[in-house]
Amino acid sequence: MENFRNTMIQEKVKLYPQYRFEWLPLAFAKTVSSELDFVQEARNSERAAKNFRNNKMVNLGATVEIVAM
1 MENFRNTMIQ EKVKLYPQYR FEWLPLAFAK TVSSELDFVQ EARNSERAAK
51 NFRNNKMVNL GATVEIVAM
């Protein structure tokens with residue numbers, strides 16, 4: 001995967017030399033990784049629900065904990 005990433009960066013640098021793309025894959029990997037952390041996403045959802053609990057215009061569904069083995 002890293003070879004693919006490096007190849008993609010090199011190709012973009014050739015096509016668009018005026019831009020710096022080196023930071024993009026790492027930032028993307030961090031973002032995707034955090035978005036796929038469903039425990040963290042559940043915490044974020046619970047925090048948002050708590051923050052908006054008195055706002056009748058906002059309706060957030062409940063999070064459900066599922067244990068899988």
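Residue numbers (the UniProt record's numbering): 1 to 69. From the three backbone atoms N, C-alpha and C, an ideal C-beta is built for every residue, glycine too. None of the values given here were measured: they were computed from a predicted structure.
Does DSSP classify residue 59 as helix, strand or coil? Translated into the one-based positions of the sequence shown, residue 59 becomes position 59. Residue 59: coil per DSSP, three-state reduction.
So for residue 53, helix, strand or coil by DSSP? Start at 1 with the first residue of the sequence shown, and residue 53 comes out as number 53. Coil at residue 53, not helix or strand.
Continuous alpha helix (DSSP H) stretch holding residue 26: start and end: Within the sequence shown, residue 26 is the residue found at index 26, counting from 1. Counting along the chain, residue 26 sits inside the alpha helix (DSSP H) bounded by residues 23-35.
Are the beta-carbon atoms belonging to residue 42 and residue 63 less than 8 Å from one another? Mapped onto the sequence shown, residue 42 falls at position 42. Mapped onto the sequence shown, residue 63 falls at position 63. Cβ distance < 8 Å, so residue 42 and residue 63 count as in contact.
What do you reckon, is the C-beta of residue 7 under 7 Å from a heavy atom of the ligand GTP? What this structure holds is no ligand at all, so the ligand GTP is not there to describe.
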